[in-house]
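Taken in sequence, the protein lines are chains X and P. Residue numbering for the first sequence follows this note's numbering, beginning at 24 and increasing consecutively. Residue numbering for the second sequence follows this note's numbering, beginning at -6 and increasing consecutively. Beta carbons: idealized from backbone N, C-alpha and C, even for Gly.
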Amino acid sequence: MIRFEKVTKVYEHQQTALDRVSFEIAAGEFVSIVGQSGSGKTTLVRLIIAEEHPSSGTMTIGDWDITHIKHSEVPTLRRQIGVVFQDFKLLPTKTVFENVAFALEVSAAPQHVIKRIVPKVLKIVGLEEKQDRFPGRLSGGEQQRVVIARALVHRPKIFVADEPTGNLDAINADEIIDLLKRINGFGTTVVLVTHNKEIVNKLRKRVITLDHGVIVSDQKSGKYLL
Amino acid sequence: MLAFFRAITFAAQNFWRNIWLSIVTVVILTLVVFFISVLFGVRTTADHALADVRSRVDISMFFVPEATEAEIFELQSRLERLPEVASVAYVSKDDALAAFREENAGDERIESALEAVGVNPLQASLVIKAKELEQYPQILSVVNDPVYEKLVEQDRAADAKITFIQDFSRFTRNLSRIGLWLTIVFSLIAVLVVFNTIRLTIHAYNREISIMKLVGASNAFIRAPFLIESVFYALIAIAIALGVVWLVLFVSADFLDRLFEGFDFSVASTLWSQFFTVFGPPALLMLLLSMVSSAAAVGRYLRV
């Protein structure tokens, strides 16, 4: 599903964020990518969603080589990948319903389809009662669930969560991880990027460990090593 | 079509849900439209006033008493054939005397002086109006022809008059040019103000634009609502500004006409009758400018 072959990313001033990173994630897998701050985890996420281009190496998602993806193709790629960020990234002047619906509107979904799908997805994340609220009136955990709903609404094959529990307390963090496990249960490939030891150890899923831009470990049912 | 209606909905949502930002933007644009409209209105009025003044300038060519009407008419015909001449009117000795008597009606001294003289002391003349003030020397050079020279009374002050007319013409043209340059300069300032206002407004949406990109929105999908929102700003600003201009004209019509008393046109009537010709261009400029500024400002964030 996702294949990185000797991917290197060097920023300005010769700053190497990733150094010949190679891995393969199969369809339906749940993989945690762990490492300390500055290990290259976020760079990896940015490469997957084509926010950055690699300095060398190749990246494939399914059969699509996205190494040198054209600017005009990036929106199409991003509609096929559900992404969740640490800082939520909700549109503040749109309600919960409108934020989730936006992900369908960008792909020109008809209004009756949006009215059918969005409530269902909000029910999955437990926010069906709060669809008319604005993000500013939601807790951190609720905002993150809206983001997950927005990411889910396309039924993406890949779900990337970049530090989704970074701004949440332990209880909310657990709820988010449970949601991610449910999403994985639907057959969606989940890539969880985190530096939270407890979450990784509790999951007992595959763990890829990054250190200074290099993969130091790739364990099928791993633990947080660093 | 669906995308277009969605863009309008998003634009309306953005406008309403960021109402204070929208109000500030509209206020600034309204002030700019009003200011430029006033500038255009003043320039139109000034141009009319100058044209009116220029049109009143004419030259009278007086004839010696021995000149016959046939000779005068021949000269008149010759002058009328000149492309520089707008009109040539013949004032006979009798017409001149009648006009003089009417102008000085009730003045017994003038009446008694005329009676004492016994004959009509006034001369026949041709009143010549040129199409352009600068063309008088050219027109009057016809009189240098020996055939006509003997008919026309030599006016020692003629050269001074011509010089004055030419200076006056230069003065009015320079005034008009200054008006034009002022309009251009202030319009450019208005362009900068509008561009920066819209840019700052779009900057407030900077983070939202990047979120939309991350969710998979295309550039066109992101740009369209902002373009439409800028049209909303412009149309509201234009409606308010031109409404105020119309009201000001309505309220101050009498005052403006008194200010330009003696001129052959009414300021208020002229501006009302040419309302869209005079005030349409600033409005259109505002509309175009808002859209271009919005497209440029959003484009900047879409490239990042």
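Element boundaries [alpha helix (DSSP H), containing residue i]
| i | result |
| --- | --- |
| serine 203(P) | 199 to 207 |
| lysine 29(X) | Unbroken run through lysine 29(X) is the beta strand (DSSP E), 25 to 34; no alpha helix (DSSP H). |
| isoleucine 221(P) | 212 to 252 |
| leucine 295(P) | 268 to 296 |
| alanine 92(P) | 86 to 96 |
| glutamate 104(P) | 101 to 110 |
| histidine 71(X) | The sequence shown places isoleucine at residue 71(X), rather than the histidine named in the question. Taken as a continuous stretch (DSSP letters only), the alpha helix (DSSP H) holding isoleucine 71(X) covers 64 to 71. |
| alanine 124(X) | 119 to 128 |
| phenylalanine 66(P) | 62 to 73 |
| proline 130(P) | 129 to 133 |
Beta-carbon contacts of residue i that lie in its chain and below 6 Å, excluding the five residues immediately before and after
| i | result |
| --- | --- |
| isoleucine 171(X) | Val107, Val148 and Leu202 |
| glycine 163(X) | Asn190 and Leu191 |
| isoleucine 194(X) | none |
| leucine 145(X) | Glu151, Gln154 and Ala172 |
| leucine 22(P) | Tyr226 and Ala230 |
| leucine 144(P) | Phe56, Ala60 and Glu64 |
| arginine 227(X) | Ser244 |
| glutamate 47(X) | Arg26 |
| proline 252(X) | This structure does not reach residue 252(X), given that chain X is present from 24 up to 249, and the question cannot be answered. |
| alanine 183(P) | Val25 and Ile29 |
Check whether residue i and residue j have beta carbons under 8 Å apart
| i | j | result |
| --- | --- | --- |
| glutamate 146(P) | phenylalanine 56(P) | yes |
| leucine 119(P) | leucine 72(P) | yes |
| asparagine 113(P) | aspartate 87(P) | yes |
| isoleucine 233(P) | isoleucine 215(P) | no |
| phenylalanine 182(X) | threonine 211(X) | yes |
| isoleucine 25(X) | isoleucine 72(X) | no |
| leucine 295(P) | asparagine 199(P) | no |
| phenylalanine 179(P) | isoleucine 29(P) | yes |
| glutamine 191(P) | alanine 82(P) | The sequence given here has isoleucine at residue 191(P), not glutamine. The answer is no: Cβ separation not under 8 Å. |
| glutamine 254(X) | aspartate 185(X) | Since the displayed chain X opens at 24 and closes at 249, residue 254(X) lies outside it and no answer follows. |
| glycine 63(X) | proline 179(X) | no |
| leucine 282(P) | valine 224(P) | no |
| phenylalanine 125(X) | valine 208(P) | yes |
| alanine 261(P) | alanine 0(P) | no |
| isoleucine 250(X) | valine 214(X) | The first residue shown for chain X is 24 and the last is 249, placing residue 250(X) beyond what the model contains. |
Beta bridge counterpart(s) of residue i as assigned by DSSP
| i | result |
| --- | --- |
| threonine 232(X) | Val57(X) and Ser240(X) |
| methionine -6(P) | Beta-bridge pairing links methionine -6(P) to no other residue. |
| isoleucine 52(P) | Ile121(P) |
| methionine 82(X) | Phe27(X) |
| threonine 80(P) | It should be noted that the sequence gives serine, not threonine, for residue 80(P). Beta-bridge pairing links serine 80(P) to Lys122(P). |
| tryptophan 87(X) | Ile84(X) |
| phenylalanine 108(X) | Asp185(X) |
| lysine 212(X) | Before going further, note that residue 212(X) is threonine rather than lysine in the sequence given. Threonine 212(X) pairs with Ile181(X). |
| threonine 217(X) | Val57(X) |
| valine 145(P) | Phe56(P) |
Endpoints, the beta strand (DSSP E) within which residue i is located
| i | result |
| --- | --- |
| leucine 114(X) | No beta strand (DSSP E) holds leucine 114(X); DSSP gives it neither H nor E. |
| glycine 255(P) | Premise fails: glycine 255(P) is in no beta strand (DSSP E) and is neither H nor E. |
| leucine 175(X) | Taken as a continuous stretch (DSSP letters only), leucine 175(X) belongs to no beta strand (DSSP E), being part of the alpha helix (DSSP H) at 163 to 175. |
| leucine 41(X) | 38 to 48 |
| valine 148(X) | Valine 148(X) -> no beta strand (DSSP E), and no H or E assigned at all. |
| threonine 99(X) | Not the beta strand (DSSP E): threonine 99(X) falls in the alpha helix (DSSP H), residues 97 to 103. |
Neighbourhood of residue i by C-beta, 7 Å cutoff - its chain only, sequence neighbours within 5 removed
| i | result |
| --- | --- |
| threonine 158(P) | The sequence given here has isoleucine at residue 158(P), not threonine. Excluding residues within five positions, the ones whose Cβ falls inside 7 Å are Val50, Leu126 and Tyr129. |
| lysine 32(X) | Ala40, Leu41, Thr66, Leu70, Glu75, Pro77 and Ser78 |
| aspartate 45(P) | Phe256, Asp257 and Phe258 |
| valine 123(X) | Val141, Val144, Leu145, Val169, Ala172, Arg173 and Val176 |
| phenylalanine 8(P) | Ser15, Glu222 and Phe225 |
| valine 84(P) | Ala117, Ser118 and Val120 |
8 Å CB neighbourhood of residue i in its chain, flanking five on each side removed
| i | result |
| --- | --- |
| leucine 168(P) | Ala39 and Leu43 |
| threonine 18(P) | Thr190, Ile191, Thr194 and Tyr226 |
| threonine 263(P) | Thr37, Thr38 and His41 |
Proximal residues of chain X, C-beta to C-beta of residue i below 7 Å
| i | result |
| --- | --- |
| phenylalanine 214(P) | Val129 |
| arginine 10(P) | Thr116 |
| arginine -1(P) | Glu128 |
Chain X contact residues for residue i, given Cβ-Cβ distances below 8 Å
| i | result |
| --- | --- |
| glutamate 201(P) | Leu114, Pro115 and Thr116 |
Beta-carbon neighbours of residue i, restricted to chain P and to distances below 9 Å
| i | result |
| --- | --- |
| arginine 101(X) | Lys206, Leu207, Val208, Gly209 and Ala210 |
| valine 106(X) | Leu207 and Val208 |
| arginine 173(X) | Val208 |
Under 7 Å from the C-beta of residue i: neighbouring residues of chain P
| i | result |
| --- | --- |
| phenylalanine 125(X) | Val208 |
| proline 158(X) | Chain P residues near proline 158(X): none, gap ~11 Å exceeds 7 Å. |
| proline 98(X) | Gly209, Ala210 and Ser211 |
Under 9 Å by beta carbon: chain X residues contacting residue i
| i | result |
| --- | --- |
| proline 6(P) | For the record, residue 6(P) in the displayed sequence is glutamine; it is not proline. In chain order: Thr116, Lys117 and Glu121. |
| alanine -4(P) | Glu128 and Ala131 |
Cβ of residue i within 8 Å of any chain A Cβ
| i | result |
| --- | --- |
| alanine 246(P) | Of the protein chains in the structure, X and P, none is chain A. |
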